[in-house]
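Each residue of the sequence shown is one higher than the one before, counting from 1470 in my numbering.
Reading through the structure tokens given below for one structure.
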Amino acid sequence: MNEMSEPRRIGPLTLTVGYSWLNAGGVMFAGLTVIPLLGFIGFIQPYLLTEVFGITENQGQLTGQLAAMQEIVVLLLMGIVGAASDNFGRRVIMVIGLGFVALGLLIYPLAQNEFQIFAYRAVFAIGAAIAPVMYGTSLQDLPANRSRGLLLGIGSIMTAIGMAVMSRNIGNLPGYLTELGISPADAGIYTCWLMVGFALFVALMIRLSWRSGRVAQNQLQEPLWTKVGKGFSEAAKNPRIALAFMTSFASRGDLVAVGIFLPLWVVQHSNDVGLTSAEGMQRAGIMFALVFGTSVLWSPIMGFIADRLNRVVTVVFGFSVAGVAYFSMYLAKDPFVTAALLASVAVGIGEIAALVSGGALLGQEAPKERRGAVVGVFGLVGAFSILCTSFVGGIVFDKIGRGAPFAMMGFVNFLVVVAALVVLVRAPGMSAKEVRAST
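Below you can see the structure in the form of structure tokens.
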């Protein structure tokens, strides 16, 4: 019997039939690199605005508008990208997406006016529409269902490690370069260009290690828009998929609060108290490292929970934790006090609890033959959330207070808890015992 006809096991993990250790390693490498690479643009944004573009007024609104524009591009592309991967394969589309990421990072810091800032950011946005869907779909393709929570937890560990390394090292890089005598503006440009080379390296590694991921090669290929429509129709037929889409809305908005408004809050506060933008970036880096370092520690625990409970119950638990965490960040007020560091720890736990619980439910319920389309719609809903959170968050940041985006997301997380309790009563899905026995 061909050895690939039996599922591979890696310790406690069981892979889907047909996936090898190399494929698993490639997907984990993508988790370590791709999402942090996309998150870099939000992390470096305050520095670019101040030191490279020379924009100091209404940074909250401009940051929100840029992120909103990016998510409009994502909204236009994400659904069809997921459906296309069912026909053409995850690997080739991921490599194309990373090419757009590299091109965007190459030209973005060279923008000379506001129009160019938006136009060059749109190039990056094309890659930002493609890469997360391909990573998310491949992560769902890889495990047997009984190992889905643990595999998602490990994937989250890899992403958290990547984000922590990025925030602590790349976040300090502009400061290091200026100490070498490079101007603050050039330091920001060179930092972006270093990430261009990194994006191309990641694309090469994925090309060499990923399985194609084409699931429709032996089937009649449906038009892409038909597949996108079926991704939406699955939610109408299955309330648990509808709930999974709601978790995407909340959890992606959570990432906006941390990835965009946390560094903006810290940099602005540092300027208020007489510190430089680079010193503010360093403090934001510490908070980022706490958020994603805590995620590393909590990820396997959350994965263990997701593989041993009814997955709607897991959503109730995960989003309750997240709601409390984001309200705690709002209450911290000052990023330079100990309470802000403790809130960063809570956010790390809440963020990963939301991501793993929602992802495990989605992967369990999405039909294999349309998984790319369903994951694409899941990502599209998340992109719509990022659009809303970026735009509304920028307004409340400037008009109400710098902690307002965190309070807003705390409320959204608790709305998901209410919806999950309704689904738990009406359509709970697999029991805990069935989850543990499933393939």
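Cβ atoms here follow ideal geometry from the backbone N, Cα and C, with glycine treated the same way.
Just so you know, these numbers come straight off a predicted model, no measurement behind them.
At least 8 angstroms separates the beta-carbon of Ala-1668 from that of Ala-1536.
Within the stretch 1515-1553, not a single complete alpha helix (DSSP H) segment reaches 4 residues in length. For Thr-1483, the secondary structure class from DSSP, reduced to helix, strand or coil, is strand. In the three-state reduction of the DSSP assignment, Pro-1804 falls in the coil class. The beta carbon of Ala-1876 lies closer than 8 angstroms to those of Tyr-1795, Phe-1796, Tyr-1799 in the same chain, with the five residues before and after it left out. The continuous alpha helix (DSSP H) containing Val-1881 extends over residues 1873-1895.
When C-alpha distances from Phe-1853 are compared across Gln-1534, Phe-1718, Val-1904, the shortest belongs to Phe-1718.
Counted as a single uninterrupted DSSP element, the alpha helix (DSSP H) harbouring Asn-1740 occupies residues 1731-1741.
DSSP lists Thr-1483 as the bridge partner or partners of Arg-1478. It is roughly 13 angstroms from the alpha-carbon of Gly-1827 to the alpha-carbon of Leu-1608. According to the DSSP assignment, Leu-1572 belongs to the alpha helix (DSSP H) that extends over 1559-1576. Annotated as proximal: Thr-1532 and Gly-1863, with beta-carbon spacing under 8 angstroms.
Burial check for Asn-1614: the Cβ neighbour count within 10 Å reaches 16 or more, so the residue is buried.
Apart from the 5 residues on each side of it in sequence, Leu-1491 sits with its Cβ closer than 8 angstroms to the Cβ of Ser-1678 in its chain, given in chain order. According to DSSP, residue pairing for Pro-1612 in a beta bridge involves Leu-1484.
Less than 8 angstroms divides the Cβ of Arg-1590 from the Cβ of Met-1538. Our two residues, Phe-1805 and Ala-1726, have alpha carbons roughly 18 angstroms apart in a direct line. Every alpha helix (DSSP H) of 4 residues or more that sits fully in the stretch 1623-1708 is shown, in chain order, as 1642-1648, 1653-1678, 1693-1706. Within the stretch 1744-1799, there are no complete beta strand (DSSP E) runs of at least 3 residues.
From the listed residues Met-1715, Asn-1556, Val-1887, the smallest Cα separation to Gly-1848 is found for Met-1715.
Proximity of the stretch 1741-1761 to the stretch 1809-1822 meets the contact definition, three or more beta-carbon pairs being nearer than 8 angstroms. Non-local beta-carbon contacts of Gly-1657 in its own chain, meaning distances under 8 angstroms to residues more than five positions away in sequence, involve Ile-1513, Tyr-1516, Leu-1517, Glu-1520, Val-1521, Pro-1578, Pro-1643 in chain order.
Exposed is the label assigned to Gln-1581, since fewer than 16 other Cβ atoms lie within 10 Å of its Cβ. In this structure, the straight-line span from the alpha carbon of Ala-1552 to that of Val-1843 is close to 8 angstroms. DSSP places Ser-1900 in the coil class of the three-state scheme, outside both helix and strand. Look at Gln-1581 here: in three-state DSSP terms it is coil, with no helix or strand label.
Of all C-beta pairs linking the stretch 1763-1774 to the stretch 1639-1654, fewer than three are shorter than 8 angstroms, placing the two stretches out of contact. Leaving aside the five residues that flank Gly-1548 on each side, the residues in its chain whose CB is nearer than 6 angstroms to its CB run, in chain order, Val-1697, Gly-1845, Val-1846, Leu-1849. For Leu-1546, the closest alpha carbon among the candidates Gly-1851, Cys-1661, Lys-1902 is that of Gly-1851.
Look at Gly-1851 here: in three-state DSSP terms it is helix.
Secondary structure of Gly-1494 (DSSP, three-state): helix. Beyond the five residues adjoining it in sequence on each side, Ala-1809 comes within less than 6 angstroms, by CB distance, of Ala-1801 in the same chain, given in chain order.
Straight-line spacing of the CA atoms in Arg-1709 and Leu-1830 works out to 7 angstroms.
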